[in-house]
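A quick write-up on the structure given underneath.
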Amino acid sequence: MSFTLTEKLGTRHQPVGAQTVFQHSELMNVASNAVPDRIFKVAFIGDSGVGKTSFIQRFCKDHFTEAFSATLGIDLQVKMLNIDNRIIALQLWDTAGQERFRSITKQYLRKSDGIILVYDVTSEITFQNVRSWITCTQELTDEDCIIVLVGNKTDLCNDDERRPVKYKDGAKLADEYRCLFFESSARLGTSVIEIMEAIARLMQEKDDRLRKGENIINLSSKTKKSGCC
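With our numbering, letter number 104 in the sequence shown gets 102, and the count goes up by one each step, no holes.
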């Protein structure tokens, strides 16, 4: 059975929120040639104001604005990447960081293939809250869900030693939870593409392993049935 691009992308739940945004330009560039080989759901989480929306806008549109208001509910954008000559569709779910939207945010963590947890390197409280976000993620996602910790807004303080949250602090915490760690600047675009390519590649590799395992099981089952005839 074959599916159109729209049908395949429609297999995920639709977003809930007052400011739902769909970004289709990249999809349309690829749709005339082929549907994506893989579709992955990536949720952006973290305290309000850490720059999740700005990060997504920089990645999807190569654009930054100071005028973003706090995300209400859930926003969705879709971006295509070519990873190792395979077309990957990334569903980027921008979640609200405020406590009053936490129940909605939790709904969209379920069945996520990847999580990008963002904190502000100039705000110690957003870094301290990373642990509670990780605990929430561990409770709601699969054990092998890909998690990437991102310290954003490095452009606001160039001196690492004078920052409230130093690079070594983020690296140590990421090592504790065995997740990837990057620092970024959505304003300057620093490391944004590298982060998204890294998580896309890890999700693809994980999916490859799962598919390979399923093929081995199916082959084994067919062999046993053949031997009984």
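We put the beta carbon where it would ideally sit given N, CA and C, even for glycine.
A residue is called buried when at least 16 other Cβ atoms come within 10 angstroms of its Cβ; Asn150 meets this threshold and is buried.
Taking the CA atoms as reference points, Asn156 sits about 38 Å from Arg36. With 16 or more neighbouring CB atoms inside 10 Å of its own CB, Gln55 falls in the buried class. Rounded to whole angstroms, the Cβ separation of Ala196 and Leu178 is 6 Å, and the two are in contact under 8 Å. Along the length of the region 120 to 188, whole beta strand (DSSP E) runs at least 3 residues long occupy 144 to 150 and 178 to 181, reported in chain order. With respect to Ile114, Val163 sits apart: the two C-beta atoms are not nearer than 8 Å. Residue state for Phe42 is assigned as strand, using DSSP reduced to three classes. Taken through DSSP and simplified to helix, strand or coil, Ala94 comes out as coil.
Under DSSP, Ala196 forms no beta bridge with any residue. Between Pro34 and Ile81, the C-beta spacing is not below 8 Å.
Going by C-alpha positions, Val119 is about 6 Å away from Thr152. Between the alpha carbons of Gly47 and Tyr175 lies a distance of about 23 Å. Straight-line measurement puts the Cα of Ala169 at about 28 Å from the Cα of Lys59.
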